[in-house]
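**Student:** Numbering (our numbering), first residue to last: 190 to 357.
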Amino acid sequence: MPSTMRKPFTPVEAAAVQAAVERAQTGQAGKIGPDPTLHSQESELRWVEAVLRHRLTLHSLGRPVAIRTRDDDTHPLVADGVHFPAVALSIPFTDGTLDFLATYDDRRRLTFDLLAPCDLCGKPVPTEEINSLEDLGDYLLQARDGLGGSPRLRTSPAHAADCLARGD
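1) Is it buried or exposed, residue 264, if we count other Cβ atoms within 10 angstroms and call 16 or more buried?
2) Write down every uninterrupted run of the beta strand (DSSP E) in the region 276 to 316 whose length is 3 residues or greater and which is fully enclosed by it, in chain order.
3) In whole angstroms, what is the alpha-carbon distance linking residue 298 and residue 250?
4) To the nearest angstrom, report how far apart residue 347 and residue 321 are at their CA atoms.
5) Considering only residues of the same chain and omitting the five flanking positions on each side of residue 259, which have a CB-CB separation below 6 Å?
6) Would a C-beta distance cut-off of 8 Å place residue 304 and residue 353 closer than the cut-off?
7) Between the region 311 to 330 and the region 201 to 217, are three or more C-beta pairs nearer than 8 Å?
8) Taking a contact to mean a Cβ-Cβ separation below 8 Å, would you say residue 279 touches residue 315 in this structure?
9) Classify residue 248 as helix, strand or coil using the three-state DSSP reduction.
10) So who's on the other strand from residue 257, going by DSSP bridges?
11) Would the beta-carbon of residue 318 fall within 8 Å of that of residue 300?
12) For residue 199, does the three-state DSSP call read helix, strand or coil?
13) Taking a contact to mean a Cβ-Cβ separation below 8 Å, would you say residue 240 touches residue 224 in this structure?
14) Please confirm whether residue 219 and residue 246 have their CB atoms less than 8 Å apart.
15) Applying the criterion that 16 or more other CB atoms from any shown protein chain within 10 Å of the CB defines a buried residue, is residue 261 buried or exposed?
16) Suppose the cutoff is 7 Å on Cβ atoms and the five residues either side in sequence are ignored; what does the same chain contact list for residue 356 look like?
17) Thinking residue 256 and residue 242 are a contact (beta carbons under 8 Å), I'd like their distance in whole angstroms, please.
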């Protein structure tokens, strides 16, 4: 019986799908340890990239994975009352790139969301929280039980002003 699911081609996609399947089979997520620490404000973009690389365990793939990072002027990044720009990250994939947004959650933990067009206004907004290789695999497989959406979807200032998806 032919499969309708697209087979992953990049090492990141293949590793993510394998990790998601293993988590689904065992109920256990992979252990990755604590995030890297920030050494200076000047290296913030490299630190955010290092955290994403760590969370997705990209260092274990045996080959370099390109990640582009830049400041995101649309979304706020606030930690301990200090405002920083959020960070946008892009990873090349078979069907283009996946764009991520790094912000802080309500527990002051750096979190990553996939950016995708809003279903209502079409603007690129945080749609799915991805904080592990297993989360990315669930997204790629469109595994219903593994997807929880992004809590930042409704609060994103990137929505069109009249978008009904906005929560304000």
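Ideal Cβ placement from N, Cα and C applies to all residues, glycine included.
**Tutor:** To lay it out plainly:
1) buried
2) 285 to 293 and 299 to 306
3) 25 Å
4) 24 Å
5) 277
6) no
7) yes
8) no
9) helix
10) 279
11) yes
12) coil
13) yes
14) yes
15) buried
16) 343 and 344
17) 7 Å
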